[in-house]
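A.B. asks: Take a look at this one; I'll ask things after.
Written out as structure tokens, the structure is:
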């Protein structure tokens, strides 16, 4: 079984707010992967004593443990339990009702001898490669479908679309958000490999348009996750002045890629 993982901060002087893990049970049967992209809050108070990196580590750790130890739970149930467990660790010290309380996007996948389960919440991506070589992107595209006016400022986003009906959802402090995730189950025989990526890595497709999802998957499979991140960084540096592709986005973002042949 081939497993590769890379997670690189956008700024070496700031903590990486992404989280990634691959869990393989001692029995050798099946496994799971977790990828989170912590949401960087705007400057100012966001009601919490803890950093986004702290939140990603706690939520990601809970998801990793539960996805391996609780085979009796569905992935939405696992996400709900993990959010509740993480919220309990700081509910007594922090205002978890704040719209910018620490939160993250989620990709969660789990496989057994019979099936591959998946869950995607917000704009991280899970790619599935079939035995034929075809690649499918499993996406939660609600954020990308919002009108530009809904995303005009942080205040507008927080007041109208963040974790609200008709907007988009992230894993924060409300366990019920797990029911909003994109989920599904695929027969194991129909899946050859998986790749989970945060949007700092998917820029190769989504911002710089260097290729499609199939091309990105081929790059990761042939050259490895680090090669993809290196290419994204080179594209970011080349566009840093003109900003034809980056526009208002940060020049470099945390970038995480997990590749697993199941």
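Numbering (my numbering), first residue to last: 1222 to 1483. Note that the Cβ used here is the ideal one computed from N, Cα and C, for glycine as well.
In angstroms with no decimal places, state the Cα-to-Cα distance between residue 1222 and residue 1275.
C.D. replies: Walking along the chain shown from the start, residue 1222 turns up at place 1. Walking along the chain shown from the start, residue 1275 turns up at place 54. When rounded, the distance between both Cα atoms is 31 Å.
A.B. asks: Where does the unbroken beta strand (DSSP E) through residue 1408 begin, and where does it stop?
C.D. replies: Here residue 1408 corresponds to residue number 187 of the chain shown, with the count starting at 1. First-last of the beta strand (DSSP E) with residue 1408: 1403-1408.
A.B. asks: In angstroms, rounded to a whole number, what distance separates the CA positions of residue 1375 and residue 1321?
C.D. replies: Taking the first residue of the chain shown as 1, we reach residue 1375 at position 154. Taking the first residue of the chain shown as 1, we reach residue 1321 at position 100. Going by the C-alpha atoms only, they are around 10 Å apart.
A.B. asks: Going by DSSP in three states, residue 1284 sits in which element: helix, strand or coil?
C.D. replies: Counting from 1 along the chain shown, the entry for residue 1284 is found at position 63. Residue state, collapsed to three classes: helix.
A.B. asks: In this structure, does DSSP put residue 1309 in helix, strand or coil?
C.D. replies: Position 88 of the chain shown, counting from 1, holds the residue named residue 1309. Correct three-state label for residue 1309: helix.
A.B. asks: Please report how far the alpha carbon of residue 1487 lies from the alpha carbon of residue 1306, in whole angstroms.
C.D. replies: Outside the shown range of the chain, which is 1222 to 1483, sits residue 1487, and nothing can be said about it.
A.B. asks: Pick out whichever of 1453, 1361, 1289, 1292 has its Cα sitting closest to the Cα of residue 1326.
C.D. replies: Looking up residue 1326 in the chain shown gives position 105. If we check each option's Cα against that of residue 1326, 1361 comes out closest.
A.B. asks: How long is the line joining the alpha carbons of residue 1254 and residue 1337, rounded to whole angstroms?
C.D. replies: Looking up residue 1254 in the chain shown gives position 33. Looking up residue 1337 in the chain shown gives position 116. Going from the Cα of residue 1254 to the Cα of residue 1337 covers about 11 Å.
A.B. asks: Exposed or buried, residue 1399, counting other C-beta atoms within 10 Å across all chains shown (16 or more means buried)?
C.D. replies: The sequence position of residue 1399 within the chain shown is 178, counting from 1. It counts as buried.
A.B. asks: Going by other Cβ atoms of all chains shown within 10 Å of its Cβ, with 16 needed for buried, is residue 1406 buried or exposed?
C.D. replies: Counting from one through the chain shown, the residue named residue 1406 turns up at place 185. With fewer than 16 Cβ atoms within 10 Å of its Cβ, residue 1406 is classed as exposed.
A.B. asks: Looking at the structure shown, is residue 1374 part of a helix, part of a strand, or coil, going by DSSP?
C.D. replies: Here the question's residue 1374 lines up with position 153 in the chain shown. Three-state result, residue 1374: coil.
A.B. asks: Give me the Cα-Cα distance between residue 1324 and residue 1476, rounded to the nearest whole angstrom.
C.D. replies: Reading the chain shown from its first residue, position 103 is the one you call residue 1324. Reading the chain shown from its first residue, position 255 is the one you call residue 1476. Distance between the alpha carbons of residue 1324 and residue 1476 is about 17 Å.
A.B. asks: Specify, as a first and last residue, the run of the alpha helix (DSSP H) that residue 1487 falls within.
C.D. replies: The chain is shown only over 1222 to 1483; residue 1487 falls outside these bounds and no answer can be derived.
A.B. asks: Where DSSP assigns a beta bridge to residue 1480, which residues make up the other side?
C.D. replies: Position 259 of the chain shown, counted from the start, is the residue given in the question as residue 1480. Answer is 1225, 1416.
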